[in-house]
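Asks: A single structure is presented below for examination.
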Amino acid sequence: MYDFTYHRPSSIEEAAKLLAGAEDGKLLAGGHTLLPTLKQRLAQPSDVVDLAGIAELKGISEAGGALLVGAMTTHGEVHRSELVRAKIPALAHMASDIGDSQVRHRGTLGGSIANADPAADYPAAVVGLCATVRTDRREIAGQDFFTGLFETALDEQELVVSVSFPVPEKAGYAKFANPASRYPIVGVMVARTGEGVRVAVTGAGPSVYRWSEAEQALTANWSAEALKDLTASPEGLNSDIHASAEYRAHLVAVMAKRALASAG
Amino acid sequence: MVTVSMTVNGKQVSKEVEGRTLLVQFLRDQLGLTGTHVGCDTSQCGACVVHIDGTSVKSCTVLAAQADGAEVMTIEGLAQTGQLHPMQEAFREHHGLQCGFCTPGMVMSAVDLLKENPDPSDREIREWLQGNICRCTGYHNIVKAIQAAAQSMRG
Amino acid sequence: MADTAVGSRLERREDRRFLTGKGRYTDDINRHGQAHAYFLRSPVAHARIGALDTAEAERAPGVIAVFTGKDMEADGVGSLPCGWVVTDRHGAPHKAPPHFPLARDRVRYVGDHVAVVIAETLGQAKDAADLIRVDYEELPAVIDLLSAASGELLHEAAPGNLCYDWELGDKAATEAGFAKAAHVTKLDLVNNRLIPNAMEPRAAIGEWDSGTEEYTLYSTSQNPHLLRLILCAFVLNLPESKVRVIAPDVGGGFGSKIFAYAEETVCTWASKKIDGRPVKWTADRGEAFLSDAHGRDHVTHCELALDADGHFLGLKVDTTANMGAYLSSFSTSVPTYLYATLLAGQYQTPAIYANVKAVFTNTAPVDAYRGAGRPEATYVIERLVEIAARETGRDPAELRRLNFIRPDQFPYQTPVALQYDIGDYEPSLDKALEMIDYQGFGARKAASEAKGKLRGIGLSAYIEACGIAPSAVVGSLGAGVGLWESATVRFNATGTVSVMTGAHSHGQGHETTFAQVVAEKLGIPYDNVEIVHGDTGRISMGMGTYGSRSLAVGGSAIVKACDKIIAKGRKIAAHLMEASEGDVEFKDGKFTVAGTDKSKAMAEIAFTAYVPHNYPEGVEPGLDETAFYDPLNFTYPAGVHIAEVEIDPDTGITTIADWVAVDDFGNIINPMIVEGQVHGGIAQGVGQALLEHTVYDRESGQLLTGSYMDYAMPRADNFPAFRVETTVSACTHNPLGVKGCGEAGAIAAPAALMNAITDALGVEIDMPATPEKVWRAAQARLRVAAE
């Protein structure tokens with residue numbers, strides 16, 4: 003790791019100021035992507051701004067038929083939250099299986115989505131549950147947040163404050179984990195939301211995407227029958243030593259069925 | 004450089020470190036607490052697990068500065084006044100370790116599991132240990148040891 | 044008080060330090076004034092080194108020195124040797140190209156050592172390494188071992204990239220067997236390349252003392268004496284008397300820490316170059332993936348001939364084995380003498396012929412990894428037997444039973460050089476079948492199918508040659524060393540005993556097991572026995588721990604040294620009791636004059652030996668005996684493992700539903716430790732069959748599975764609880780009757796698991812049975828079923 007100057011601000015404004023003043027500043031949330039990256043000397047920030055001291059970035063609350071989850075809320079906190087378990091059990095379930103126990107104690111929602119790893123779980127929740135991402139300067143529809151491989155709609159120094167997840171009528175998440183990394187090779191969130199049916203797929207492609215054929219089928223008929231003979235196209239999907247595009251496409255269909263079954 | 008102060012195994016420590024210093028480096032190199040090990044570069048093996056404020060974390064993926072003000076416990080702090088913790092006892096009784104390298108992280112992880120779930124099933128133990136790799140034991144006796152510790156700690 | 048007797052499940056005495064963070068591994072050691080080494084490694088698989096400019100790096104902050112292969116060459120540093128000469132089919136020795144610790148003119152694999160930077164801190168060394176300018180004139184990479192012969196030449200000394208073309212067995216007799224066959228089963232298989240991944244990465248601290256002109260090397264070694272021998276005699280040309288190698292607690296090895304590597308060589312050499320400052324290096328996991336010796340990596344065609352009754356008539360095996368870019372310390376012996384000699388398995392196969400070609404490729408060196416050759420042999424035999432049973436409509440268990448060597452046939456001379464001293468295979472088979480409820484499998488399969496799952500069961504009846512090895516035998520086969528073991532048993536005047544052994548635990552619990560043996564043998568309290576290992580400065584000689592040899596060979600040396608202690612003690616006791624030596628018996632720690640109640644305790648004799656006021660004439664004071672034990676034969680542990688799996692055809696995920704193992708390790712000193720060894724071995728075997736796969740890009744030669752993100756390590760949730768039992772036929776030729784247990788699981792498991800998976804699928808697939816491979820096979824099967 004190259005050396006850097008470490009900061010721990012106590013407010014969003016202070017964080018923004020530090021970032022603006024840095025030659026090449028990076029935000030540190032849970033650190034479970036940034037620190038391994040720095041250890042491999044793949045980045046050389048001048049300043050690292052730790053968000054752990056900012057109280058307003060933490061916590062889970064309910065407002066207006068939605069759950070508001072602070073960006074610095076850990077996967078473990080989401081998983082253990084009685085509120086999340088009661089209102090969006092699929093989200094609690096997803097959080098319970100991200101990384102491992104120690105990763106869940108540190109890794110955060112904001113860090114995960116800002117990094118936009120194609121093999122992260124949370125993007126499927128942000129898109130599949132029609133969430134809204136709140137930043138220090140605006141709101142971004144979940145649908146528009148992820149723009150590509152490790153790319154988001156966030157501006158250079160924009161900071162995720164929280165994510166608002168409208169409580170869906172039904173939702174389920176199923177994933178097929180990479181046997182080595184345990185990241186999803188394919189993860190599918192299936193939900194019936196106020197904005198319609200959503201089938202969001204992570205891991206399979208360069209970025210999270212909606213499987214529209216499945217959405218249409220489930221809109222017409224919310225039942226296992228609707229997905230029974232539906233196949234996903236391998237076109238544009240990732241292919242690597244762990245899974246070919248064809249296999250990923252197959253898993254998209256299987257995981258969609260399993261997510262639907264868990265959604266009820 | 005940044006000054007970090009924390010409580011480690013009940014003792015207050017304060018040191019100047021580089022911003023990039025990882026907690027595991029701080030523990031091993033600055034405090035000489037070499038019971039916490041480093042077995043990988045990708046936050047997966049769990050040889051470095053310690054507790055921060057009572058919760059298990061991978062100390063290879065936490066900056067020392069991030070632990071400023073925290074209470075840190077390492078494997079060296081688990082046995083109280085020479086008396087092994089029930090988890091340590093159980094690992095010994097059930098041969099839950101061979102080469103011993105993954106053991107400190109494994110034990111610290113297992114202690115945290117029982118805080119969250121005092122009566123886990125074998126399956127729950129195995130799933131909890133996803134972040135702790137052992138190459139020697141095939142995990143069989145580790146699971147057995149954790150079950151035994153859970154039973155003894157439930158009383 | 045705990046029962047410490049031989050045969051009791053005694054808790055390990057080493058555990059307290061490991062459990063309290065007080066283990067002392069090499070990286071835990073910091074020497075005063077130490078500097079840190081960082082190796083600049085080749086980013087390309089194959090290239091000539093053009094310009095190599097270190098000037099800027101040498102000026103970087105904190106840098107003490109930068110060395111390259113030219114510096115070592117100028118200093119007369121030699122090549123890392125391969126210690127086993129394999130003689131090929133035509134009577135010529137294997138091709139032995141040089142393997143310099145730092146590359147001199149060419150790099151041959153990604154991770155090859157180009158230069159070392161030594162600096163005040165590791166961070167500074169890494170920073171400076173970025174400043175070294177190297178022109179790599181790239182050459183085509185040779186990755187695929189089957190086409191290696193026609194690839195770019197790696198070494199001038201090895202035309203066609205061939206290290207050797209070797210054979211074993213009677214080809215004509217084997218062909219004659221095939222000519223009579225009613226059925227021939229043929230199989231093409233790949234034994235996948237593995238990366239050992241001991242959890243403790245390799246590390247070294249080299250230190251030169253300008254006052255005494257002595258070197259000390261702290262190293263993560265399984266065999267410190269052997270490492271010293273290699274460094275002194277072959278590489279650095281130093282007197283052995285001036286080099287001390289200390290291997291403190293070692294965090295797993297599985298073979299990968301047997302070998303002499305570039306890094307420890309460089310650290311030792313470099314310390315003198317920088318005026319005696321200690322030079323420390325610790326691998327990070329990425330370096331371990333790139334530069335630890337890998338394991339396995341065979342491509343094999345094999346055929347088994349059977350008569351109409353199912354008796355085996357002959358076995359033909361044609362294997363190409365990957366040596367990697369250079370020959371690691373014992374690499375040549377693994378696919379030859381540790382592989383083809385085991386191809387008889389547990390069976391009375393009358394004729395066997397094996398041909399093995401070893402090739403060089405632009406990949407990391409390949410050498411012994413847990414089982415070393417024997418897992419590969421077992422995989423060949425046990426896959427063939429299973430498929431033969433399927434093809435001929437026989438029960439796989441019964442086909443094995445039909446061909447087992449019978450108890451009355453021992454000692455049994457196999458057609459592939461080995462003579463098995465003893466074995467009894469049916470009891471293990473019967474016990475394993477009973478434990479898994481073999482008869483009930485049909486019902487369990489039906490239950491799985493009712494849930495839309497596939498279910499399979501698979502056996503593996505393995506044998507291994509352990510207790511490596513009779514020196515004369517291995518010498519005649521080309522080994523450069525003797526494979527005896529030494530032990531010193533030293534009574535201290537106050538009655539405690541120090542045992543110095545050349546075996547070196549890296550997780551096996553020698554401090555406990557060996558002490559159990561000594562306490563029982565000498566009739567003294569277990570707590571009075573201390574085991575000392577891992578330090579050439581404290582132990583006279585040794586050959587280390589590998590090949591499941593520690594108890595069978597090292598333990599036997601300890602017993603021999605105890606016998607010498609008792610013999611001398613008897614002289615002293617006879618004198619003290621005024622009896623004739625012939626009348627003095629030794630039992631339970633006491634010397635007794637036969638037929639009387641006169642006795643002297645061992646501790647009293649020891650005290651007398653050091654305070655010899657009343658002492659027999661002509662007997663030296665002191666009670667300190669050394670013995671060397673050279674085994675008379677290999678030992679032959681054998682057993683049966685049965686795996687049962689359930690496969691989800693929708694995802695291709697294989698779940699291990701059950702695992703039973705019945706092993707015959709001969710006599711057992713500590714069953715708890717033995718069971719632990721079996722569990723760990725099974726887990727590594729399952730890892731090979733289900734998860735672990737080393738992938739080099741076929742074009743670029745980059746290692747694609749270079750971290751735990753891509754190399755699937757077995758985790759706790761990959762396994763069920765294992766059910767492990769033993770049977771006993773005691774080894775006939777060592778004093779403990781023990782055979783060795785460290786590798787059995789890794790040898791047995793891959794075949795058992797692949798037999799179960801292919802039973803469920805009805806289609807052959809190679810290891811590892813990744814979900815995608817299994818899914819494709821399951822889909823093919825379902826399509827066939829539907830048609």
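First to last, the protein sequences are chains V, X and U. The opening residue of the first sequence carries number 3 in the working numbering; numbering runs sequentially from there. The opening residue of the second sequence carries number 4 in the working numbering; numbering runs sequentially from there. The opening residue of the third sequence carries number 44 in the working numbering; numbering runs sequentially from there. In this text, a Cβ means the ideal position worked out from N, Cα and C, and glycines have one as well.
1. Which residues of the segment 56-72 of chain U have a Cβ closer than 9 Å to any Cβ of chain X? Give them in chain order.
2. Please state the DSSP three-state secondary structure of A153 (chain X).
3. Inspect the CB distances between the segment 107-120 of chain V and the segment 147-161 of chain V and report whether three or more fall short of 8 Å.
4. Could you work out which residues of chain X lie near S750 (chain U), taking near to mean beta carbons separated by less than 9 Å?
5. Determine whether the Cβ of Q83 (chain X) lies closer than 8 Å to any Cβ atom of chain V.
6. For the segment 682-737 of chain U, list the alpha helix (DSSP H) runs that are entirely contained and at least 4 residues long, ordered along the chain.
7. Quick one: which chain U residues come within Cβ less than 9 Å of Q33 (chain X)?
8. Return helix, strand or coil for L62 (chain U), following the three-state DSSP convention.
9. At the level of alpha carbons, what is the spacing between R443 (chain U) and C48 (chain X)?
10. For the beta strand (DSSP E) containing L205 (chain U), name the first residue and the last one.
11. Would you verify that the beta carbon of L825 (chain U) is, or is not, closer than 8 Å to some beta carbon of chain V?
12. Looking at the structure shown, is V20 (chain X) part of a helix, part of a strand, or coil, going by DSSP?
13. Can you give the Cα-Cα distance for R147 (chain U) and V177 (chain U), rounded to whole angstroms?
14. If you measure from the beta carbon of V683 (chain U) to each beta carbon in chain X, is any gap under 8 Å?
15. Check each candidate in X:S155, X:Q101 and X:H98 and name the one with the smallest Cα separation from P121 (chain X).
16. Check this for me: beta carbons of A216 (chain V) and L232 (chain V), under 8 Å apart or not?
17. Starting from K259 (chain V), trace the beta strand (DSSP E) in both directions and tell me its first and last residue.
18. So does the segment 728-739 of chain U actually touch the segment 236-243 of chain U, counting three or more Cβ pairs closer than 8 Å?
19. My output table needs one value for N365 (chain U): the three-state DSSP class, helix, strand or coil.
20. So is P236 (chain V) in contact with chain U if we call contact Cβ pairs under 8 Å?
21. Nearest chain V C-beta to Q150 (chain X) closer than 8 Å, yes or no?
22. Cα separation between M44 (chain U) and P664 (chain U)?
23. Decide yes or no for the touch test of the segment 308-317 of chain U against the segment 607-616 of chain U: beta carbon pairs closer than 8 Å, at least 3 of them.
24. Which two residues bound the contiguous alpha helix (DSSP H) that contains R106 (chain V)?
25. DSSP state of H9 (chain V), grouped into three classes?
26. Beta-carbon of G521 (chain U) versus every beta-carbon of chain X: anything under 8 Å?
27. With a cut-off of 8 Å, do at least 3 Cβ pairs link the segment 44-60 of chain X to the segment 90-106 of chain V?
28. Taking A24 (chain V) as the reference, which of V:S241, V:L37 and V:D49 has the closest Cα?
29. Between the beta-carbon of G730 (chain U) and the beta-carbon of P418 (chain U), is there less than 8 Å?
30. Pull up the distance between the alpha-carbon of Q482 (chain U) and that of G338 (chain U), whole angstroms please.
31. In the segment 238-266 of chain V, which residues sit with their C-beta less than 8 Å from some C-beta in chain U, listed in chain order?
32. Using CA coordinates, which residue listed in X:I78, X:K14 and X:S17 is at the minimum distance from R59 (chain U)?
33. Please report how far the alpha carbon of C63 (chain X) lies from the alpha carbon of Q28 (chain X), in whole angstroms.
34. Is V157 (chain U) helix, strand or coil when you go by DSSP?
35. By Cβ distance below 6 Å, which residues in the same chain neighbour D467 (chain U) in space, the five residues on each side in sequence not counted?
36. Less than 7 Å between C-beta atoms, sequence neighbours within five positions excluded: which residues of the same chain meet that for S374 (chain U)?
Replies: Quick answer:
1. E57, D58, R59, R60, F61, L62, T63, G64, K65, G66, R67, Y68, D70, D71 and I72
2. helix
3. yes
4. C43, D44, T45 and Q47
5. no
6. 714-729
7. Simply none; closest approach about 11 Å.
8. helix
9. 40 Å
10. L205 to G212
11. no
12. strand
13. 12 Å
14. no
15. X:S155
16. yes
17. No beta strand (DSSP E) holds K259 (chain V); the alpha helix (DSSP H) holding it covers A247 to A265.
18. yes
19. strand
20. no
21. no
22. With a pLDDT of 47 at M44 (chain U), under the threshold of 50, the modelled position of this residue cannot be trusted; read the value that follows with caution. Cα-Cα distance, rounded: 34 Å.
23. no
24. S103 to R108
25. strand
26. no
27. yes
28. V:D49
29. no
30. 37 Å
31. I243, H244, A245, S246, Y249, H252, L253 and V256
32. X:I78
33. 8 Å
34. strand
35. P450 and S772
36. C125, M366, P408, V409 and D410
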